[in-house]
Structures are given as C-alpha cells and as structure tokens.
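Peer 1: First the structure, then my questions, so here it is.
In my numbering, the protein residues as written are 19 to 282.
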C-alpha cells in the first residue's frame with residue numbers, strides 16, 4: 019500500500035496541474051505539498067538548488083570592496099526563487115539584496131503581499147524593453163534567468179542583451195533540458211559556460227529535468243572559477259535540511275549531479 023501511494027503522488031503531479039492551473043497561487047514553500055509546488059511553479063526548487071545559487075552569488079561578490087551581495091532574478095515571476103534565496107542568504111548572515119524583476123504587476127503585487135519577509139527581498143515591475151530606473155547602474159553579483167526566454171514568450175535575445183549590459187561575474191540560466199520550451203539564449207563571447215546541474219521539471223517530474231547552466235564572465239580569473247567549483251562541491255557534501263515537500267520528491271529518481279566544463 020505504501021508503494022502505491024508513492025506512485026500515485028508521482029502520477030498526480032506529473033502533468034503540472036494540466037500545465038499551470040494554479041499558476042497565480044502564491045504558496046508557502048516550506049509547508050507546501052509537492053502537488054502544490056508543481057501546480058504553482060514552473061519547477062520545484064530544492065534546498066540544494068538554493069544553496070548552489072547562494073554559493074555562486076557569494077563567489078561573484080568575493081572581490082568587491084563593500085560586503086553586500088546583490089542578486090537579480092530576471093523575469094522572476096511570482097518570486098519563489100527570489101524569496102528562498104533571500105531567506106537563505108539572511109540565514110547565512112550575509113548582507114544582501116535580492117531583486118525579483120518581472121513585468122506582471124498583478125502577480126508581483128500578490129507576491130509582495132505574501133512574501134513581505136525577508137526584508138532583503140524587493141519586487142520591481144518592469145518590462146525588458148523599459149527597464150526599471152537605475153537597474154543598469156546596479157552592480158549585480160549574480161543574475162538568474164529562468165524561463166523568461168521560453169519560445170512562448172520570445173524573450174531570449176532581449177534577456178541576452180540585458181545580461182551583457184549588466185555584466186555580472188556569474189549568471190545562471192535555468193531552462194528545460196529537452197529544449198522543447200526553452201528558446202534562444204546566447205550570451206556571446208562575453209561569457210563562457212563553466213558548469214551545470216539538473217533539477218526536477220514540473221511538467222514531467224519522472225521523465226525530464228530542468229537544466230541550471232552556470233556562466234562566468236570571460237575575463238574572470240581561472241583561479242576564481244576553480245574556487246567556485248570547490249565551493250559548489252562542498253555544497254554537495256553538506257547535510258542540508260530539505261524543504262518539507264522534498265520527502266515526497268525523493269521517492270522519484272532525479273538528476274542531481276553537478277558537472278563542470280573542463281575546457282580551458
């Protein structure tokens with residue numbers, strides 16, 4: 019009976035609630051069920067995903083004179099990723115600011131009300147063609163691009179230009195592994211891919227996964243990239259306190275391994 023219940027859980031969340039039937043629902047990620055996570059979000063974010071993003075942000079800020087980490091979640095939707103990352107940095111005692119930038123004002127309003135904490139999380143309404151005032155003047159240590167560049171939204175080229183303009187030390191591109199929904203995204207010669215890892219994919223948890231691709235600015239010192247790789251390996255070895263719903267997720271095989279590009 020126990021195995022049957024686990025199988026039913028996987029089957030129930032497989033189709034993403036008929037692809038986003040509750041996409042406007044803002045959830046509490048720490049107390050939600052797996053079904054609620056995948057009905058509300060484009061992909062489930064595990065604790066290890068957030069820890070990795072936090073590590074990349076810290077390494078991106080490593081050489082700054084001021085001790086403040088700044089992260090931009092570009093096209094961040096309802097802000098679940100931004101919220102979890104802001105909380106994680108706060109828990110680690112890091113002075114930080116995480117900005118969730120999206121053009122959907124109604125969703126951001128809901129999220130800003132629901133996710134009013136932590137205080138280092140900000141929501142900014144902006145279209146990619148009409149950036150928020152002073153956004154290009156901000157020195158971001160990490161830019162996250164997730165699903166804003168899908169084929170359905172056609173934002174790939176614009177978001178590529180935004181990343182190039184902001185020139186963060188690192189950015190992470192999150193998209194679907196099979197490229198059925200992920201559209202064109204080209205960082206050009208300014209950036210080079212240095213690693214990747216996989217995460218659960220809401221539309222088909224048992225079969226597919228999301229791809230988290232790590233890019234470093236081309237002028238970043240090799241020693242800094244090696245340091246980042248070492249810090250990410252340490253995350254793999256840590257005993258993390260998973261989110262509540264991850265107990266259900268662990269019953270389904272997942273692609274967890276982080277891989278690094280070794281080309282010089």
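Beta carbons: idealized from backbone N, C-alpha and C, even for Gly.
Quick caveat, the model's predicted, so the values are computed rather than measured.
Could you tell me how far apart the beta carbons of residue 102 and residue 89 are, in whole angstroms, since I believe they sit closer than 8 Å?
Peer 2: Not really, about 11 Å apart at Cβ, beyond 8 Å.
Peer 1: Go ahead and label residue 67 buried or exposed: buried means 16 or more other beta carbons lie within 10 angstroms of its beta carbon, across all protein chains shown.
Peer 2: Buried: at least 16 other Cβ atoms inside 10 Å.
Peer 1: Helix, strand or coil: how does DSSP classify residue 117 here?
Peer 2: Residue 117: strand per DSSP, three-state reduction.
Peer 1: Using a Cβ-Cβ cutoff of less than 7 Å, which residues in the same chain neighbour residue 161 once the five nearest sequence positions on both sides are dropped?
Peer 2: Excluding sequence neighbours, residue 161 sits near 90, 92, 181, 184, 186 and 189.
Peer 1: Can the beta-carbon of residue 116 be found closer than 8 Å to that of residue 138?
Peer 2: Contact flag set, yes.
Peer 1: Under the rule that 16 or more other beta-carbon atoms within 10 Å means buried, what is residue 212, buried or exposed?
Peer 2: Buried is the call here.
Peer 1: For residue 217, which three-state DSSP category applies?
Peer 2: If DSSP states are grouped into helix, strand and coil, residue 217 belongs with the strands.
Peer 1: What's the C-alpha gap between residue 73 and residue 238?
Peer 2: Distance between the alpha carbons of residue 73 and residue 238: 16 Å.
Peer 1: How long is the line joining the alpha carbons of residue 266 and residue 260, rounded to whole angstroms?
Peer 2: About 11 Å.
Peer 1: Given residue 70, which residues of its chain have a CB within under 8 Å of its CB, disregarding the five upstream and five downstream residues?
Peer 2: Closer than 8 Å at the Cβ level, and outside the excluded window around residue 70, lie 215, 230, 250, 253 and 276.
Peer 1: Closer than 8 Å by C-beta to residue 48: which residues in its own chain qualify, once you throw out the five before and the five after it? Chain order, please.
Peer 2: Answer for residue 48: 261 and 262, listed in chain order.
Peer 1: Nearest-angstrom Cα distance between residue 94 and residue 142?
Peer 2: Each residue's alpha carbon lies about 10 Å from the other.
Peer 1: Can you tell me which of the three DSSP states residue 74 falls into?
Peer 2: Residue state, collapsed to three classes: helix.
Peer 1: Would you list the one or two residues that DSSP bridges to residue 91?
Peer 2: Per DSSP, 118 and 162.
Peer 1: If you run the structure through DSSP and keep just helix, strand and coil, what is residue 206?
Peer 2: Helix at residue 206.
Peer 1: Is residue 252 helix, strand or coil when you go by DSSP?
Peer 2: Helix, per DSSP.
Peer 1: Helix, strand or coil for residue 231, going by three-state DSSP, please let me know.
Peer 2: Residue 231 falls in the strand class under three-state DSSP.
Peer 1: According to DSSP, is residue 268 part of a helix, a strand, or is it coil?
Peer 2: DSSP places residue 268 in coil when its eight states are reduced to three.
Peer 1: Report whether the distance from the Cβ of residue 214 to the nearest heavy atom of the ligand ATP is below 7 Å.
Peer 2: Here there are no bound small molecules, and the ligand ATP is not part of this structure.
Peer 1: DSSP beta-bridge partners for residue 190?
Peer 2: In the DSSP output, where bridge partners are listed per residue, residue 190 has 162 and 232.
Peer 1: DSSP state of residue 326, grouped into three classes?
Peer 2: With the chain covering only 19 through 282, there is no way to say anything about residue 326.
Peer 1: Where do the ends of the alpha helix (DSSP H) carrying residue 99 lie?
Peer 2: Note, residue 99: alpha helix (DSSP H), 98 to 109.
Peer 1: Considering only the alpha carbon of each residue, which of 110, 134 and 246 lies closest to residue 118?
Peer 2: Answer by Cα proximity: 134.
Peer 1: Just how far apart, CA to CA, sit residue 57 and residue 45?
Peer 2: Computed Cα separation, rounded: 10 Å.
Peer 1: Looking only at DSSP bridge pairs, what is residue 139 linked to?
Peer 2: Note: residue 139 sits in a beta bridge opposite 116.
Peer 1: Beta-carbon within less than 6 Å of residue 170's beta-carbon, same chain only, minus the 5 sequence neighbours each way: which residues are those?
Peer 2: At residue 170, the pLDDT of 45 sits below 50, so the modelled position is not reliable; the number obtained from the coordinates is stated separately. Same-chain partners within the cutoff: there are none.
Peer 1: Can you grab the Cα-Cα spacing for the pair residue 61 / residue 191, in whole Å?
Peer 2: Each residue's Cα considered, the two are about 13 Å apart.
Peer 1: Mapping DSSP to helix, strand and coil, what is residue 211?
Peer 2: Here residue 211 sits in strand by DSSP.
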